[in-house]
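In the UniProt record's numbering, the protein residues as written are 1 to 324. Just so you know, even glycine gets a beta-carbon here, dropped at the ideal spot from N, CA and C.
In structure tokens form, the structure reads like this:
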């Protein structure tokens with residue numbers, strides 16, 4: 001796994017080009033606002049200097065010198081220049097007002113996309129150790145390219161509400177579980193729009209694929225013949241999004257936003273979303289930190305522990321070869 005992470009490939013593709021445009025606009029707006037704030041601070045100082053100088057001149061009356069009057073005039077002129085500079089920033093071509101309007105539209109669009117992808121009825125989130133996931137191994141609809149992620153530069157600053165998305169409260173869940181007649185264990189039935197971690201079938205001659213983040217787009221068949229089409233919404237750079245044919249035995253549910261999330265004991269083995277990527281790897285829980293879990297990922301150095309959102313830390317144990 002560590003060798004895959006060090007090679008170029010699958011990075012943080014959430015939102016694609018639209019997120020890039022949103023971030024660029026946010027940076028431009030932030031820079032302009034910082035300039036305006038700097039000018040406004042100077043304008044406040046100048047205004048106070050004007051008040052002080054006017055009081056001083058009034059107190060002296062006819063004894064005021066031409067130099068003092070000239071100094072007051074310079075302060076007036078500086079205040080006017082500051083006001084004109086701020087106005088130019090706000091009203092220039094491709095101005096701040098227009099950029100803020102576009103930024104608001106992009107952020108709103110991102111939030112709507114997130115609500116469509118995530119704000120739906122969740123499946124029963126049982127512990128994978130207690131689940132009998134139905135069906136045999138998956139078969140891909142398309143040959144999956146090896147999933148590779150960067151090991152550095154994973155996290156970048158994001159504009160407000162763009163990466164975190166303000167998503168409404170999760171809708172009420174419906175019971176989509178079955179009980180196996182022979183084992184009595186819970187079988188998970190996935191539904192369209194469910195978020196999952198899934199593992200595409202290994203293609204002969206290629207390295208085994210990572211567990212990757214996906215969204216169920218279609219349910220096919222019933223019972224043990226039930227299969228799912230799962231979309232990879234965050235493909236590696238230069239690749240296009242694909243659908244894969246999968247079975248529940250190669251899928252793990254990701255809890256819906258708003259679902260109560262489990263507390264993990266230190267030392268527990270889990271499947272965690274590697275920060276800055278859309279790939280899941282084996283990891284060991286090191287600490288619970290509010291809405292984050294501190295994880296030590298397999299093949300990372302022992303002193304390199306990473307914080308992962310609790311929603312993307314899955315109670316699912318896999319072997320070193322990536323199998324359950």
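Problem set entry | Where residue 161 sits in the DSSP three-state scheme | Only weak support exists for where residue 161 lies, its pLDDT of 34 falling under 50; the value from the coordinates is given anyway. Annotated three-state conformation of residue 161 is coil, per DSSP.
Exercise. Do you know whose CA, among 79, 265 and 316, lies nearest residue 280's CA?
Worked result: Comparing Cα positions, the closest option is 316.
Exercise. Under the three-state reduction of DSSP, which class applies to residue 237: helix, strand or coil?
Worked result: Looking at residue 237 - three-state DSSP - the assignment turns out to be coil, as it is neither helix nor strand.
Exercise. Cα separation between residue 66 and residue 59?
Worked result: Roughly 15 Å between the two C-alpha positions.
Problem set entry | Reference residue 73, options 53, 34 and 82, closest by Cα | Of the listed residues, the one whose Cα sits closest to residue 73 is 53.
For this session: Pull up the DSSP beta-bridge partners for residue 229, would you.
Result: Per DSSP, 218 and 245.
For this session: With DSSP as the reference, label residue 190 as helix, strand or coil.
Result: In the structure shown, residue 190 adopts coil according to DSSP, grouped into three states.
For this session: Please state whether DSSP places residue 66 in a helix, a strand or coil.
Result: Residue 66 falls in the helix class under three-state DSSP.
Exercise. Can residue 246 and residue 198 be called in contact, C-beta distance under 8 Å?
Worked result: It is a contact, given that the beta carbons lie within the stated cut-off.
Problem set entry | Whole-number beta carbon distance between residue 44 and residue 89, since they are thought to touch under 8 Å | Residue 89 to residue 44, Cβ: 17 Å. No contact.
Exercise. Are the CB atoms of residue 252 and residue 314 nearer to each other than 8 Å?
Worked result: Going by C-beta atoms, residue 252 is nearer than 8 Å to residue 314.
Exercise. How many angstroms separate the CA atom of residue 83 from the CA atom of residue 33?
Worked result: Computed Cα separation, rounded: 14 Å.
Exercise. Any idea what DSSP makes of residue 292, helix, strand or coil?
Worked result: Three-state result, residue 292: strand.
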